[in-house]
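Let me begin by presenting the structure, written as structure tokens, before commenting on it.
Chains as they are written, first to last, in the UniProt record's numbering: chain A, 1 to 361; chain B, 1 to 361; chain C, 1 to 444; chain D, 1 to 444.
Right, dumping it as structure tokens:
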């Protein structure tokens, strides 16, 4: 199990995430015969074996490097190609927290999609709990099943089904026992169709929570109707608005320095005028009778003698290449969001179903 | 006109905003016979006359003060009692900017409501433009009309009508000429009913913009239908999410200082133990045969001789009252939003109507 | 691995959350024969709610009795017990035609609203019989409210519901989980939990990859609210080393934890910053006395000896733990200055393991990120903000809540890595290598 | 007061905004007999659009001709010219039953999508006749797109619309107002306008109470985009004193302004920081020569004399203006460090007038606010953030756009006031007074 539990050292057969950059995290399964080729160079798996997870590794030719990371559900999510179906960590972590999912929880997820949230759920419910995940789309189902198998999650704690839960419900045959789910997550185009089938598979002994994940507000309206119809209460819809901030440094440009700089510019300009004045006082005005050579010579001389000192007062490093934080200047630490922010993922509709009191008294 | 144009000195009859605090801005009309009584004391109008706008004024008894401000639309909005009907500055400024409202614009507003946006629109369209504002609710209509009159805005540039625009449309008799609106703002429970009546009053010669202001998403849906039906294009709905941030300073508590403090605590503790040890070495163990008086005396002595120096290393000023920014400590400037933020005002649905080309060729 | 399943029903000796119709919350310990007082909502005997599943709502009857009811407190219209009120609401609803849903006639009800005085309420309480007091008060309110007929149908409904919720003698019993404990403190005193929101807590737990069996290094200035959240995800298996800056840790919130003290003692080790950073100087020198020596002691001396022995073992264990390092995550929720704190603690974190730092303010984390960009032991330093925006979820009147709590905090996240040694980097590559490094550091 | 009405139709010698189906924008000057090249969208003669109202859309025909069309570019379904495409979309829509609106069969179309090569497009351009090229390309795309049949109906529609917009030979002509000029630079190079969003610009103009007739003190590092926005609200009446930090101001964006140069010269005075802060040292000493002296000059000398005279008058006028002070607002849009800048400029602002400072980053304004809280000449210093969140406005599929541009900046706002003189405060009140002051400053 690569996603549940911890490991210190890389071994043959391990799933390793090769970190090339924030947007380039490449999953590899260690096979000592293979080599990872990247734009930063080649990295033979054989050399990775025995290294500690977290090690920075140089390419064979030594001109580039990567970091070798142990997979976690959150890193796995980042490694997936950007698609709208992914439930990202700000949403998935909130859903987990608000539904009170923890080790031992029994969770229904439909559909499986990119299986990114499945991995996070499997980690959290751990071997003591169970994740029942359903996928209608066959290629995606097969891909996810293969992934769970490779990641050692299939069976414990994950059971995956190829099924249209909206039509055929949640009851399954490939699991020994009752589903008795304690939490439900529906990421379906029409969750209201699936809600009708839930009563057969959710636990009757304890409070069960549900979260429906829908991009459009009209889907929320229909979901609200269905939740009400099927006896779910404490209904609330929320949005998660997450931002990633990037820190940088901005130069502190004091107005007094700007004024001093203008003074310096003025001083240098006046000095030029003064030198010119002095030059003319000394050499007189050019005369019409001067030969071309004399004119040329005079120009040369004038240029030389009226030149102003090149050293200028440059408090803000104009014209220079200055690195952020350069100690010759003052800086203020500032932050900005990414140039393009994820402004919406989906609406999250939560509701809860009370346990049947008869079974408890 | 208190809201259009500028004035330097307070005069009899002027509308003045007495600033008592951010949430206590009190409009007064200067009448030399009157006195403003506040929790900060009494302020005779007569003493205000001749002062410059912006002056801080002490109360008669001198133990409190207020600032005397010139009204602006934005300050006026802040002076109104908090009610949901107010269109606040982040929304009103964006609507104005996006609809391209400027001096000379002809704007329809329905309903007038608290007239807070009306004041901002009047300021912006100025004497060269016109604001046609409609209010269904009679008490509110009368109040707003009185306000416009007192503020010197009635007639130029404001015309106000008591009218149900959803039923009776926008055509009016108390204005000499055609409305020919170039921008429309609808803050109505059912804007879709009013949209049908707009074609008679909007300009045919130029592109006209509209903004519908609705709190609920279902109202937006109906508005979108109506806009489409009546030929409005470039439809887009947005939300304005505004925040006010409050700056403060947080003490920089270095981990090294925390470690030094623990060392100091330990040192003082060990010193106490050492003194105790020395005391016992010197005076020996108390003996069973000692009299009660001797025991008491010995206790006194022990307390005295084993006392540890009270001066402790206190890098974070524990137990002291420290003002933010106290120079004896290091600080980092931080910001937070208000404890309760305005998370939603309304959805803003914008659309535009192209001029009729026939009239232009 | 030990596994402790989360409780699903109300049991003796647990703490649970009581939700009141006023939206107030209260923590209650389930003690045999205990009586819980809910102020104006009444009193009840806790024995009566034991065994019921969490989430159950009750109505308080006379003589400290309760009766389980269906549905939750906030959806009272689904409650069959409320026929007369439902009728009133239904009537109002019939009057409500779509286009007339307007606030045209809504007069400002701010200060002008005539509310009942406390005195009047007390009188009503006396004159009406027990459980019907809510109804009685609502009727009185409707009659006394000057503006009621001028309000829109919708706001009349809302008003009724609000008033009803304020006076019905009902409550819901809920599990006191980590989110609920956080919520409790957020409402009581948000500074105690450094203003952390539920969404920030959830994100922290995910970014830190918390799970059963993990060994986590923790600084927690929330009085143990975070430690409790970690324990809840670990459910009996794994270990926390909690570093604190005083002589003793403040774990005052842990008294509300639903783990047995023995479980907490086994899983939570504490150590102060001095012991953590200078372990060898702080180790307690300890030699066990011989059995004979112990037996010869006076009983008071013997107790003293064992206390000192336990203390030494506990401190030395914690120090051993700190020296061992290789923690599965570093989790900091503190008001200490984080740029230097993080830098100083990295060494103790295992390779590829997350470092997650919470701060109420963004600015210290911005500085942490700037510092981290220079630190080759930290990969992909990132600053996260997450905000939950709740909606009014009334069908047909969907919109975000008009106001909500500000704040909620920020999270810094990075991964602990082992950079190539300077020596290795230098071998025969020189400037070219350096250039590519720079380029890559832009990517990562 | 002078009043210059905003133009509503396309006129010669104006700059206007051309919106393309690709959502690209372009600034075009309306010069007689000018030809505008829109790349793959074709070319047209500007004379043909003169006189049309702003907001008008056109289709480009052959030989640089255009034809006005109804509706806008983004709502092509309303366009009667698009029957065949409309039909295709209609057909797709009929297949779309509510509950089947699903992405079950939507395969990731990221990199896998087979797009047309530029070469193929060129071939199509040659083989299809002029205006129908868009249609032809769309047909080809539908046929060539491997995944098309696997996409949901909705995404098929979206795909068609996107492709169509990309290739139709159409454009809309719009007024180049302040929002449009800002948008143009935001897309071209956001750093030029310090990343300011339209909503921040709108809030700035409102908070600064900008109106015709005002005298405003301005620092504008956006190349004149802010100055242009101010002029647009002032419409010919009032005055700006623009302070800059170089020898000459950078007003490069003002060339796109639709105000005549003479209006701009009359309304906009410029002065550098040195002249502004040390006016008496910087005043140009100037004495007019006598009429006789001037007449005796050589013509080149005479021109030089007049240039120097104009320059002196201009500088001295600006200096007089600065010395006079009492401006109706101070508006700063700058990368200079604002806490000290604001403090230094307050003295020139009139009583009760607003001070509004824009910064791309929040942090310098946080520092400005901390400083301002100590400054008795500033009342109610406030830090504003405003963000516009656009929605996908398709009926039945409403939701906020999935991604949007980050940033947009922050605004600081305060009111210039005249505090009581220390002397006045001291008269017989002493400590008691001081205490109340402190208390009040918490409120305000």
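Ideal Cβ positions, reconstructed from N, Cα and C, are used throughout, including at glycine.
Residue environment: residue 32 (chain D) is assigned as exposed (fewer than 16 neighbouring CB atoms within 10 Å of its CB, all protein chains considered). Residue 261 (chain A) and residue 269 (chain A) have their alpha carbons spaced roughly 12 Å apart. Taking all protein chains shown into account, residue 222 (chain B) has 16 or more neighbouring C-beta atoms within 10 Å of its C-beta and is therefore buried. Of the other Cβ atoms in all chains shown, 16 or more fall within 10 Å of the Cβ of residue 71 (chain B); this residue is therefore buried.
Listed in chain order, the positions of the stretch 205 to 226 of chain A with a beta carbon within less than 7 Å of a beta carbon of chain B are 217. Taking a contact as a CB-CB distance under 8 Å, the pair residue 54 (chain A) and residue 352 (chain C) counts as one, their CB atoms being some 4 Å apart.
Residue burial annotation: residue 207 (chain D) is buried, with at least 16 other C-beta atoms found within 10 angstroms of its C-beta. The count of Cβ pairs closer than 8 Å, one atom from the stretch 289 to 309 of chain C and one from the stretch 211 to 228 of chain C, stays below three, leaving the stretches out of contact.
Taking C-beta atoms as the reference points, residue 8 (chain C) and residue 51 (chain C) fail to come closer than 8 Å. At a cut-off of 8 Å between beta carbons, residue 12 (chain D) makes no contact with chain B. Note on the stretch 231 to 269 of chain B: whole beta strand (DSSP E) runs with a minimum of 3 residues are 233 to 251, in chain order. For residue 53 (chain D), the beta-bridge partners assigned by DSSP are D:9. Within the same chain, 30, 31, 32, 50 come within 8 Å of residue 12 (chain C) by CB-CB distance, once the 5 residues on both sides are set aside. Taking each of D:263, D:288, D:417, D:17 in turn and checking the Cα distance to residue 326 (chain D), the smallest one comes out for D:417. For residue 266 (chain B), the chain C residues whose Cβ falls inside 8 Å of its Cβ are 274, in order along the chain. Take the alpha-carbon of residue 185 (chain D) and the one of residue 103 (chain B): they are about 25 Å apart. For residue 344 (chain B), the three-state secondary structure derived from DSSP is coil.
The criterion of a C-beta distance shorter than 8 Å is not satisfied by residue 56 (chain B) and residue 364 (chain D). Check the Cα spacing between residue 414 (chain D) and each of D:398, D:346, D:385, D:404: the tightest is with D:346. For chain C, the residues of the stretch 334 to 345 of chain B that bring a beta carbon within less than 8 Å of one of its beta carbons are 334, 335, 336, 337, 338, 339, 340, 341, 342, 343, 344, 345, in chain order.
The beta carbon of residue 199 (chain D) does not come within 8 Å of any beta carbon belonging to chain A, so the residue lies off that interface.
As computed with DSSP, residue 402 (chain D) is found in no beta bridge at all. Contact between the stretch 384 to 391 of chain C and the stretch 328 to 335 of chain B is absent: fewer than three C-beta pairs spanning the two stretches fall below 8 Å.
At a beta-carbon threshold of 9 Å, none of the residues of chain D lie near residue 48 (chain B); the nearest stands roughly 13 Å away.
Distance from the CA of residue 132 (chain B) to the CA of residue 125 (chain B), rounded to the nearest whole angstrom, comes to 11 Å. When C-beta atoms of the stretch 101 to 120 of chain A are compared with those of the stretch 178 to 186 of chain A, three or more pairs fall below 8 Å, so the two segments count as touching.
Closest by C-alpha distance to residue 275 (chain C), out of B:277, B:266, B:271, B:105, is B:266. Taking a contact to require three or more Cβ pairs closer than 8 Å, the stretch 393 to 407 of chain D and the stretch 371 to 380 of chain D do not qualify as touching. In the structure shown, residue 256 (chain D) falls within a helical segment according to DSSP collapsed to helix, strand and coil. If one requires a minimum length of 4 residues, the alpha helix (DSSP H) runs lying completely within the stretch 257 to 307 of chain D are 261 to 267, 273 to 277, 279 to 282, 291 to 295, in chain order.
Counting along the chain, no alpha helix (DSSP H) covers residue 329 (chain B), and no H or E run does either. Annotation: the continuous beta strand (DSSP E) that includes residue 35 (chain D) extends over 35 to 37. When only Cα atoms are considered, residue 330 (chain C) and residue 380 (chain C) end up about 15 Å apart.
Contact between the stretch 199 to 216 of chain D and the stretch 235 to 246 of chain D is present: 3 or more CB-CB pairs across the two stretches fall below 8 Å. Counted as a single uninterrupted DSSP element, the stretch harbouring residue 329 (chain C) is not any alpha helix (DSSP H) but the beta strand (DSSP E) occupying residues 329 to 333.
Nearest to residue 264 (chain A) by alpha-carbon distance, out of A:217, A:314, A:209, is A:314.
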